[in-house]
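Enquirer: Residue numbers (UniProt numbering): 1 to 325. The beta-carbon is built from N, C-alpha and C at its ideal position, and this holds for glycine as well. Computed from a predicted structure; not experimentally measured.
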């Protein structure tokens, strides 16, 4: 039976949707309001008939993290960030004081049904087709709105290279993951592409994303449980910024899914209410993002790591990929 892991394990956060025992259960700020029959589980043959999608079979897998993993995450993050070996201990102590990894779901075995995930992130070129066909607003954000978001703040000069000019993405970045799109923009793309292709797409759940990244054996990263400086696009590895999809072979998961560590954080369809409010006010909801970005450090690149952001947030570190419904 599918466990409601997110509701049990992230402290004050209340999960809005979860798969339970093969059914779709809506859970609005802790209030269960339905148990709707899910679509039949997708088969490997159905998934393989779709170009550039990978099949992840139904099975148990090890999700979340334990104290050993979190201790390792603090240490490698400090080692990655520190300017010298002498400053590692102080950096690690600072990160522990902030509790960066202490709210992760506890390590446990979870069962997931089979699913079918896109091998690659949605690129600028992919998104351009949508913008031109639908008239949807292109990726972007004003300087005032970017700073007002109040999280992961960069100098706006770092944002400018990712801004589109009308319906044209930045020169030479067609195969880079699209960024500066919100969760709501991602849903608009998914709805449009589902109609275009005659296939029901959605975002992956946080648990689906985690399994697709780490497989079934509880490894920390797509390649294993020891950090590799050359494994992905991160803060101290070139390039400084997004990279073209599938640039780092080590970040391909055992299922053949690319960029499952580094490059950009990825939206999931798992929503939470970090305030703990149970009024049913969906404006309080935030979306869980998985993965890590080109601007991050090693501990954030583990499959167990996650954080949540507002549904309308747009950032140079956030992108998305698809699963088939």
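#1: Grab the span of the alpha helix (DSSP H) containing residue 211 for me, first residue to last.
#2: From what residue to what residue does the beta strand (DSSP E) around residue 288 run?
#3: Quick test of your reading: residue 178 and residue 122, contact by CB under 8 Å. State the CB separation rounded to the nearest angstrom.
#4: Quick check: the Cα distance between residue 147 and residue 239, rounded to an integer number of angstroms?
#5: Three Cβ pairs or more, each shorter than 8 Å: is that satisfied between the region 263-275 and the region 212-220?
#6: For residue 76, write down the residues that DSSP places opposite it in a beta bridge.
#7: Helix, strand or coil: how does DSSP classify residue 330 here?
#8: Given that a residue counts as buried once 16 or more other Cβ atoms are within 10 Å of its Cβ, and exposed if not, what is residue 314?
#9: Thinking just about the alpha-carbon of each residue, which of 45, 115, 79, 50 is nearest to the one in residue 207?
#10: Looking at residue 73 and residue 105, is the spacing between their C-beta atoms short of 8 Å?
#11: CB-CB under 7 Å to residue 119, same chain, minus the five flanking residues each way: which ones, in chain order?
#12: Closer than 6 Å by C-beta to residue 305: which residues in its own chain qualify, once you throw out the five before and the five after it? Chain order, please.
#13: Note down, in chain order, each residue of its chain lying with its Cβ closer than 7 Å to the Cβ of residue 149, except the 5 sequence neighbours on either side.
#14: In the DSSP assignment, find the unbroken beta strand (DSSP E) run with residue 173 in it and report its ends.
#15: Inspect the beta-carbon positions of residue 77 and residue 298 and report whether they are closer than 8 Å.
#16: What does the Cβ neighbour count give for residue 171, buried or exposed, with the cut at 16 atoms within 10 Å?
Expert: Judging by the given coordinates:
#1: 206-214
#2: 286-290
#3: 5 Å
#4: 24 Å
#5: These segments do not touch.
#6: DSSP output for residue 76 lists no bridge partner at all.
#7: Outside the shown range of the chain, which is 1 to 325, sits residue 330, and nothing can be said about it.
#8: buried
#9: Closest by C-alpha distance to residue 207, out of 45, 115, 79, 50, is 115.
#10: No, the pair does not count as a contact, with Cβ atoms beyond the cut-off.
#11: The residues are 52, 53, 54, 256, 257, 258.
#12: none
#13: 313
#14: Residue 173 -> no beta strand (DSSP E), and no H or E assigned at all.
#15: Judged by beta-carbon spacing, residue 298 lies within the 8 Å limit of residue 77, meaning their Cβ atoms are closer than that value.
#16: exposed
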